[in-house]
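K.L.:
Residue numbers (the numbering used here), protein chains in the order written: chain A, 1091 to 1413; chain B, 444 to 737.
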Amino acid sequence: MKPVKVLTLSALLGSALVLGACGNDAQSDTGENTEQAESGDAQLQGQIAIDGSSTVFPIMEAVSEEFMMEQPDVQVTVGLSGTGGGFEKFIAGETQMSNASRPIKEEEAAALKEAGVEFTEFQLAYDGLSVVVNKDNDWVDQLTVDELKKMWVDNGTAVKWSDIREGWPEEEIKFYSPGTDSGTFDYFDEVILDGAQINKGATLSEDDNVLVQGVTGEKNAIGYFGYAYYLENKDNIKVVPIVNEEGKAVEPNAETIESGEYEPLSRPLFTYVSNAAIAEDEATAGFVQFMLENASVLSEDVGYVSLPQEKYDEQLVTLEGLK
Amino acid sequence: MEKIERIKSEEMIGRIDSRLVKNKVVKSIFFAATVFTSIILIVLLVRILTQGAPYLSWDFLQNFASRRPEQAGIKAAVIGTVWMMSVVIPTAAILGVGTAIYLEEYAKKNAITRWIQMNISNLAGVPSVVFGLLGLTIFVRLFGFGNSVLAAGFTMALLVLPVVIVASQEAIRAVPSELKEASYGLGATKWQTIFRVVLPYAIPGIATGSILAFSRAIGETAPLIVIGIPTFVAFLPSDVFDSFTALPMQIYNWTSRPQIEFHNLAAAGIIILLGVLIVMNSVAVWIRNRYQSR
């Protein structure tokens, strides 16, 4: 009886290893399945680690998915540590590419310089930060940047709609904003808040779906998030046209975001690539080229707005210079 | 005299009544608690099942993640979780049970042991993000494992270790001292006693506690995010030094996407995760029954 017990004990521990072995079998299967992907180009090999903004993630996921169909021997991994978290890994040399939903900060660039990492910024697509209110909100027709600033910056007391414009209801505004770690918040902070403290009553969430739900369920709510989230929920919420520098109230959509007419809330999405990786590793260089050639279609596929074609062409020239 | 007797018995009956009422009230409170918990559980399950079930298919298990919800699958995450657990289970089991045996059977009951004991119990309450930071500093950076299966497995093993230790200690403490004394009386050494008497008796308790702890490791997201486990991975690890992704990472990503189809995929992923947990818990029950029936 005793040997049986010993057996069971070791079986318990050993079962883990058996499970691990199953993983190996499965892998050799996929190797055979994907071999048919021939693209005429040289077959590349290598590993590319990408991390950073969760806003940029869907585009990178799409690019990687398509790239690996052509180049099955290149192992691409894409993480979503957030713009800031991604840069930390980029600085530590753990990733070759870092996605960002805002331009790199001075201190991040300085840290990269100190770590000896030279990098190049590439733009992938545009996103229009959409300011939204509840469907039943029939008073807000448009907002100016000053009005946005007046309501979002904390002044110590509750803000009512009537404080912003006369004739609007005397009811307290409920704020919904992306969390302060996100690049989306950083961007809003830069163009609207100007570094001031965001209204302390605001509900902050890293999950934009929570913001969508908040604005959908609260009549006096206002919130902002990426264009893709507005597009997906446009039947349940109302987007607010924002007055641009020329004094025209513009609603975010594919045309106004691409043309730059929707400003100042439309923003480019970036990826930062290590120059050394492009120069020394054909897989990374090939990936960046594939990314710039296909970002236009793929970014629209996942709900963003593509850059004008010239921008991609310019960046392809930049890439050639780095190879 | 007789009058007094009657009053007394009436009083008595009154008191019995109030006790019975109290009994009923307490019973209904407990019953309400059970019903409430069950309803929440049922609502959650029904919601997840109705949302996710249409997306469950062989393709869902066989495909890698994709930007197209209809083509997206969970293969990399399922296999990745299995790989990670193949590091977590042996590491946490060997270290945890070993520590528990030492503390219960060998260590002197002095201030130092009590201090270690207190720290282990406190560790069980440390937020998982902290273990993620520890893993990032030690396994990912210092040891240079990168965001590999090994780094994540060790981090998760550390996370569940306190629970494994405490559960194993409880199980070992429950071994009747008569059994141990009889073993010593027959001339067995300490090691023989531990291996032939203590462990076989304690295995059901150790297994139950440990597998609950391992289930936690399967569901944790925060440490994985901190140590930088990627979400999009379209290959399978070939050894423990490879990158991988895990079920909670994939589910977390899908729930945060704007498109409703991805939310449904997340529900399907949760069903798979629940399936894995049920299998693990069944193993725990099986081990317990097997050993208890002797």
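For every residue, glycine included, the Cβ atom is placed at its ideal position computed from N, Cα and C.
Since the structure is predicted, the reported quantities are computational estimates derived from the model, not experimental observations.
Can you name, in chain order, every residue of its own chain whose Cβ lies under 7 Å from the Cβ of Ala710 of chain B, other than the five neighbours on each side?
P.N.:
Start at 1 with the first residue of the second sequence, and residue 710 of chain B comes out as number 267. So the list reads Ile491, Gln494, Gly495, once near-sequence residues are dropped.
K.L.:
With a threshold of 7 Å on Cβ separation, who are the neighbours of Ala1139 of chain A within its own chain once the five nearest residues in sequence on each side are excluded?
P.N.:
Here residue 1139 of chain A is taken as the residue at index 49 of the first sequence, counted from 1. Cβ neighbours of Ala1139 of chain A beyond the five flanking positions: Thr1167, Glu1184, Thr1185, Gln1186.
K.L.:
Can you find a C-beta in chain C that's less than 8 Å from the C-beta of Pro1148 of chain A?
P.N.:
No chain C appears in this structure, whose protein chains are A and B.
K.L.:
Rounded to whole angstroms, how far is the Cβ of Gly516 of chain B from the Cβ of Leu504 of chain B, which I believe are closer than 8 Å?
P.N.:
Indexing the second sequence from 1 puts residue 516 of chain B at position 73. Indexing the second sequence from 1 puts residue 504 of chain B at position 61. That pair is a contact at about 6 Å.
K.L.:
Since Leu577 of chain B and Leu604 of chain B should fall inside the 8 Å C-beta cutoff, what is the C-beta to C-beta distance between them, to a whole number of angstroms?
P.N.:
Reading the second sequence from its first residue, position 134 is the one you call residue 577 of chain B. Reading the second sequence from its first residue, position 161 is the one you call residue 604 of chain B. At roughly 12 Å, the Cβ-Cβ gap does not stay under 8 Å, so Leu577 of chain B and Leu604 of chain B are not in contact.
K.L.:
Rounded to the nearest angstrom, what separates Trp634 of chain B and Asn1299 of chain A at their Cα positions?
P.N.:
Position 191 of the second sequence holds residue 634 of chain B. Position 209 of the first sequence holds residue 1299 of chain A. Going from the Cα of Trp634 of chain B to the Cα of Asn1299 of chain A covers about 57 Å.
K.L.:
With a Cβ-Cβ cutoff of 8 Å, do Asn590 of chain B and Gly652 of chain B count as a contact?
P.N.:
Reading the second sequence from its first residue, position 147 is the one you call residue 590 of chain B. Reading the second sequence from its first residue, position 209 is the one you call residue 652 of chain B. No, the Cβ-Cβ distance between Asn590 of chain B and Gly652 of chain B is not below 8 Å.
K.L.:
So Lys1179 of chain A contacts chain B; which residues on that side make the cut at Cβ distance below 7 Å?
P.N.:
As a position in the first sequence, residue 1179 of chain A is number 89, starting the count at 1. Going along chain B in sequence order, the residues near Lys1179 of chain A (Cβ under 7 Å) are Gly671.
K.L.:
Between which two residues does the alpha helix (DSSP H) containing Val607 of chain B stretch?
P.N.:
The residue labelled residue 607 of chain B in the question sits at position 164 within the second sequence. Taken as a continuous stretch (DSSP letters only), the alpha helix (DSSP H) holding Val607 of chain B covers 592–616.
K.L.:
List the DSSP bridge partners of Thr556 of chain B.
P.N.:
For the purposes of this step, residue 556 of chain B is taken as residue 113 along the second sequence, with counting starting at 1. DSSP, once it has assigned bridges, lists no residue as partnering Thr556 of chain B.
K.L.:
Among residues of its own chain, excluding the 5 on either side of Leu1283 of chain A, which ones have a beta-carbon nearer than 8 Å to its beta-carbon?
P.N.:
Numbered from 1 along the first sequence, position 193 holds the residue referred to as residue 1283 of chain A. Correct list, in chain order: Lys1239, Trp1242, Val1243.
K.L.:
Closer than 8 Å, CB to CB, is Ile713 of chain B near chain A or not?
P.N.:
Counting from one through the second sequence, the residue named residue 713 of chain B turns up at place 270. No, Ile713 of chain B lies away from the interface with chain A (no Cβ there is under 8 Å from its Cβ).
K.L.:
Would you mind reading off the limits of the beta strand (DSSP E) that contains Asn1326 of chain A?
P.N.:
The residue labelled residue 1326 of chain A in the question sits at position 236 within the first sequence. Taken as a continuous stretch (DSSP letters only), Asn1326 of chain A belongs to no beta strand (DSSP E), as it is neither H nor E.
K.L.:
With DSSP as the reference, label Asn1123 of chain A as helix, strand or coil.
P.N.:
On the first sequence, residue 1123 of chain A is found 33 positions in, with the first residue counted as 1. With a pLDDT of only 40 at Asn1123 of chain A, under 50, the local geometry of the prediction cannot be trusted, and no value is derived from it.
K.L.:
Is the CB of Gln1232 of chain A under 8 Å away from at least one CB in chain B?
P.N.:
One-based indexing of the first sequence puts residue 1232 of chain A at position 142. It does not: the Cβ of Gln1232 of chain A has no partner Cβ on chain B nearer than 8 Å.
K.L.:
Which residues in the same chain as Ser1144 of chain A place their Cβ atom closer than 7 Å to its Cβ, once the five residues preceding and following it in sequence are excluded?
P.N.:
To locate residue 1144 of chain A, count along the first sequence from 1; it is residue 54. These residues qualify, in order along the chain: Leu1170, Gly1172.
K.L.:
At a Cβ threshold of 8 Å, is Met1158 of chain A touching chain B?
P.N.:
Stepping through the first sequence from its first residue, residue 1158 of chain A is reached at position 68. Yes, its Cβ sits closer than 8 Å to a Cβ of chain B.
K.L.:
Consider the Cβ of Gly1387 of chain A: report whether some Cβ of chain B lies at a distance smaller than 8 Å.
P.N.:
The residue labelled residue 1387 of chain A in the question sits at position 297 within the first sequence. Here the sequence assigns Val to residue 1387 of chain A, which means Gly is not the residue at that position. Closer than 8 Å: no.
K.L.:
In angstroms with no decimal places, state the Cα-to-Cα distance between Val1387 of chain A and Gly1350 of chain A.
P.N.:
Translated into the one-based positions of the first sequence, residue 1387 of chain A becomes position 297. Translated into the one-based positions of the first sequence, residue 1350 of chain A becomes position 260. Val1387 of chain A and Gly1350 of chain A: Cα-Cα distance of roughly 19 Å.
K.L.:
Would you list the residues sitting across from Ser686 of chain B in a DSSP beta bridge?
P.N.:
The residue given as residue 686 of chain B occupies position 243 in the second sequence. DSSP lists B:Ser591 as partners of Ser686 of chain B.
K.L.:
Label Phe474 of chain B either buried or exposed according to how many other C-beta atoms from any shown protein chain fall within 10 Å of its C-beta, with 16 as the threshold for buried.
P.N.:
By 1-based counting over the second sequence, the position of residue 474 of chain B is 31. Phe474 of chain B comes out exposed.
K.L.:
Using the Cα positions of Val609 of chain B and Ala543 of chain B, report the straight-line distance between them to the nearest angstrom.
P.N.:
On the second sequence, position 166 is the one that residue 609 of chain B refers to. On the second sequence, position 100 is the one that residue 543 of chain B refers to. Roughly 7 Å between the two C-alpha positions.
K.L.:
Who are the neighbours of Glu1151 of chain A on chain B, taking C-beta pairs under 9 Å?
P.N.:
Translated into positions along the first sequence, residue 1151 of chain A becomes position 61. Within 9 Å Cβ-Cβ: Ala508, Ser509, Arg510, Thr674, Phe675, Asn696.
K.L.:
What are the uninterrupted segments assigned as alpha helix (DSSP H) that are 4 or more residues long and contained completely in the stretch 1343–1384 of chain A, given in chain order?
P.N.:
The stretch 1343–1384 of chain A contains these whole alpha helix (DSSP H) runs: 1344–1349, 1365–1370.
K.L.:
If we call anything under 8 Å between Cβ atoms a contact, is Val1333 of chain A one with Leu1412 of chain A?
P.N.:
Residue numbering aside, residue 1333 of chain A sits at position 243 when the first sequence is read from its first letter. Residue numbering aside, residue 1412 of chain A sits at position 322 when the first sequence is read from its first letter. Contact: no.
K.L.:
So, do the stretch 565–574 of chain B and the stretch 637–646 of chain B have three or more beta carbon pairs nearer to each other than 8 Å?
P.N.:
They do not touch, by the three-pair rule.
K.L.:
Use the C-beta contact count for Arg700 of chain B: other C-beta atoms within 10 angstroms, 16 or more gives buried, fewer gives exposed.
P.N.:
Taking the first residue of the second sequence as 1, we reach residue 700 of chain B at position 257. Buried.
K.L.:
For Gly589 of chain B, which residues in chain A fall below 9 Å Cβ to Cβ?
P.N.:
Residue 589 of chain B sits at position 146 when you count from the first residue of the second sequence. Per Cβ cutoff of 9 Å: Ala1139, Glu1184.
K.L.:
For Ser1143 of chain A, go through chain B and note every residue whose CB falls closer than 7 Å to its CB, in chain order.
P.N.:
Reading the first sequence from its first residue, position 53 is the one you call residue 1143 of chain A. The contacting residues do not exist; Ser1143 of chain A stays about 12 Å from chain B at best.
K.L.:
Using a C-beta cutoff of 8 Å, does Asn1227 of chain A count as contacting chain B?
P.N.:
Numbered from its first residue, the first sequence carries residue 1227 of chain A at position 137. With 8 Å as the cut-off, Asn1227 of chain A does not count as an interface residue toward chain B.
K.L.:
By a C-beta neighbour count over all protein chains shown, 10 Å radius and 16 as the cutoff for buried, is Tyr1266 of chain A buried or exposed?
P.N.:
Here residue 1266 of chain A refers to the residue found at position 176 of the first sequence. Classification of Tyr1266 of chain A: buried, given that the 10 Å Cβ count is 16 or more.
K.L.:
Quick one: grab the DSSP three-state call for Asn732 of chain B.
P.N.:
Within the second sequence, the letter at position 289 stands for residue 732 of chain B. Residue state, collapsed to three classes: helix.
K.L.:
Between which two residues does the beta strand (DSSP E) carrying Asn1289 of chain A extend?
P.N.:
Numbered from its first residue, the first sequence carries residue 1289 of chain A at position 199. Neither: Asn1289 of chain A is in no beta strand (DSSP E) and is coded neither H nor E.
K.L.:
To the nearest whole angstrom, what separates the beta carbons of Glu1256 of chain A and Gln702 of chain B, a pair I think is in contact under 8 Å?
P.N.:
Numbered from its first residue, the first sequence carries residue 1256 of chain A at position 166. Numbered from its first residue, the second sequence carries residue 702 of chain B at position 259. Their Cβ separation, rounded to whole angstroms, is 40 Å, which puts Glu1256 of chain A and Gln702 of chain B out of contact at 8 Å.
K.L.:
Taking just the CA atoms, how far does Ile483 of chain B sit from Thr1210 of chain A?
P.N.:
Translated into the one-based positions of the first sequence, residue 1210 of chain A becomes position 120. Translated into the one-based positions of the second sequence, residue 483 of chain B becomes position 40. Those two C-alpha atoms are separated by around 51 Å.
K.L.:
Could you tell me how far apart the beta carbons of Glu547 of chain B and Gln612 of chain B are, in whole angstroms, since I believe they sit closer than 8 Å?
P.N.:
The sequence position of residue 547 of chain B within the second sequence is 104, counting from 1. The sequence position of residue 612 of chain B within the second sequence is 169, counting from 1. About 6 Å; that satisfies the 8 Å criterion.
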